[in-house]
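>
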Amino acid sequence: MKLTNRSKVVSNKEMTLAEKIYLPAIFKGMGITLKHAVRTVVKGAPAVYSYPEVQKPRATIWRGHHVLKRDEEGRERCTACGLCAVACPAEAITMTAAERTKEEKHLYREEKYASVYEINMLRCIFCGMCEEACPKSAIYLTDRLVDVETNRGSFIYGKDKLVEKINERIDITTRQSEKQKNAVK
Ligand code: SF4
Ligand code: SF4
Numbered sequence: 001m002k003l004t005n006r007s008k009v010v011s012n013k014e015m016t017l018a019e020k021i022y023l024p025a026i027f028k029g030m031g032i033t034l035k036h037a038v039r040t041v042v043k044g045a046p047a048v049y050s051y052p053e054v055q056k057p058r059a060t061i062w063r064g065h066h067v068l069k070r071d072e073e074g075r076e077r078c079t080a081c082g083l084c085a086v087a088c089p090a091e092a093i094t095m096t097a098a099e100r101t102k103e104e105k106h107l108y109r110e111e112k113y114a115s116v117y118e119i120n121m122l123r124c125i126f127c128g129m130c131e132e133a134c135p136k137s138a139i140y141l142t143d144r145l146v147d148v149e150t151n152r153g154s155f156i157y158g159k160d161k162l163v164e165k166i167n168e169r170i171d172i173t174t175r176q177s178e179k180q181k182n183a184v185k
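First residue of the sequence shown: 1, per full-length UniProt numbering; consecutive thereafter.
1. With respect to the alpha helix (DSSP H) encompassing residue 190, which residues constitute its N-terminal and C-terminal limits?
2. With three or more C-beta pairs closer than 8 Å as the rule, is the region 108-128 touching the region 19-36?
3. Does the Cβ-Cβ distance between V146 and M121 come in under 8 Å?
4. Taking the continuous alpha helix (DSSP H) assigned at M15, which residues delimit it?
5. According to DSSP, simplified to helix, strand and coil, what is I32?
6. Tell me which residue opens and which closes the alpha helix (DSSP H) that residue 196 is part of.
7. Mind checking V67: buried by the 16 CB within 10 Å criterion, or exposed?
8. Do residue 186 and ligand 2 come close, with the Cβ less than 7 Å from some heavy atom?
9. Have a look at S177 and E164 and give me their C-alpha separation to the nearest angstrom.
10. My guess is that Y117 and K159 are in contact by the Cβ rule of under 8 Å, so how many angstroms apart are they, rounded?
11. Quick check: K136 and R100, are their CB atoms within less than 8 Å of each other?
12. Heavy atom of ligand 2 less than 7 Å from the Cβ of C84, yes or no?
13. Report yes if the C-beta distance between R144 and G64 is below 8 Å; otherwise report no.
14. From K105 to Y49, what does the alpha carbon distance come to, in whole angstroms?
15. Restricting to runs no shorter than 4 residues, where is the alpha helix (DSSP H) found entirely within the region 58-110?
16. Taking 8 Å as the cut-off, decide whether the C-beta atoms of A87 and R123 are in contact.
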């Protein structure tokens with residue numbers, strides 16, 4: 001059954017001479033490169049950034065390193081409902097739920113919380129589906145970059161890297177629509 005109109009009919013037609021020698025395609029590609037080079041010179045924008053000392057400006061809606069938010073009283077918002085994990089197309093999110101004790105009321109917003117919450121940054125495609133799926137406004141992507149690591153295990157980000165620090169709150173209001181802001185409970 002055909003679900004969308006996105007599929008294309010594959011053509012097996014014989015390649016033309018121009019396609020066989022690749023030169024027109026190469027010149028076309030070089031033309032695009034040249035166009036961008038000229039535009040860079042004319043606009044005076046730096047062609048090269050001395051990363052990491054100098055970072056290229058990123059849009060406020062850039063989808064980078066996630067943050068697990070706290071509420072206004074500093075309690076973790078995540079209730080380990082798992083909706084973000086279900087929505088994630090890359091199956092990058094895993095978590096373990098736990099029940100809050102009386103003594104932990106100041107730490108976790110609701111009776112259930114994530115004792116373990118992990119995102120595999122090697123799997124993540126930064127699509128933002130987790131952010132959209134979360135009913136508790138607990139997870140957001142931010143304009144921060146994921147660190148460079150030298151071993152695969154370090155790309156599994158746990159709560160130590162995801163939950164915002166109590167004294168270093170991360171402002172995500174610039175990426176929220178008015179509707180989202182009003183929906184935050
Ligand atoms: S941004 Fe997308 S791929 Fe990455 S964890 Fe969220 S839902 Fe999964
Ligand atoms: S981040 Fe949001 S969607 Fe994901 S488990 Fe926590 S509360 Fe549920």
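The beta-carbon is built from N, C-alpha and C at its ideal position, and this holds for glycine as well. Since the structure is predicted, the reported quantities are computational estimates derived from the model, not experimental observations.
According to the structure data:
1. Since the displayed the chain opens at 1 and closes at 185, residue 190 lies outside it and no answer follows.
2. no
3. Start at 1 with the first residue of the sequence shown, and residue 146 comes out as number 146. Start at 1 with the first residue of the sequence shown, and residue 121 comes out as number 121. The answer is yes: Cβ separation under 8 Å.
4. Taking the sequence shown and counting its residues from 1, one reaches residue 15 at position 15. First-last for M15: undefined, no H or E at that position.
5. Stepping through the sequence shown from its first residue, residue 32 is reached at position 32. DSSP places I32 in helix when its eight states are reduced to three.
6. For residue 196 there is no data in the structure shown, the boundaries of the chain being 1 and 185.
7. Counting from 1 along the sequence shown, the entry for residue 67 is found at position 67. The residue is buried, with at least 16 neighbouring Cβ atoms inside 10 Å.
8. Since the first and last residues shown for the chain are 1 and 185, residue 186 lies out of range.
9. For the purposes of this step, residue 177 is taken as residue 177 along the sequence shown, with counting starting at 1. For the purposes of this step, residue 164 is taken as residue 164 along the sequence shown, with counting starting at 1. Those two C-alpha atoms are separated by around 21 Å.
10. In the sequence shown, the residue the question calls residue 117 occupies position 117. In the sequence shown, the residue the question calls residue 159 occupies position 159. Contact flag correct, Cβ pair sits at about 5 Å.
11. As a first step, residue 136 must be located in the sequence shown, where it is residue number 136. As a first step, residue 100 must be located in the sequence shown, where it is residue number 100. No, the Cβ-Cβ distance between K136 and R100 is not below 8 Å.
12. Within the sequence shown, the letter at position 84 stands for residue 84. Yes.
13. As a first step, residue 144 must be located in the sequence shown, where it is residue number 144. As a first step, residue 64 must be located in the sequence shown, where it is residue number 64. Yes, these two residues count as a Cβ contact at 8 Å.
14. Start at 1 with the first residue of the sequence shown, and residue 105 comes out as number 105. Start at 1 with the first residue of the sequence shown, and residue 49 comes out as number 49. If I take the Cα positions, the gap works out to 46 Å.
15. 83-87
16. Indexing the sequence shown from 1 puts residue 87 at position 87. Indexing the sequence shown from 1 puts residue 123 at position 123. Taking 8 Å as the Cβ cut-off, A87 and R123 do not qualify as a contacting pair.
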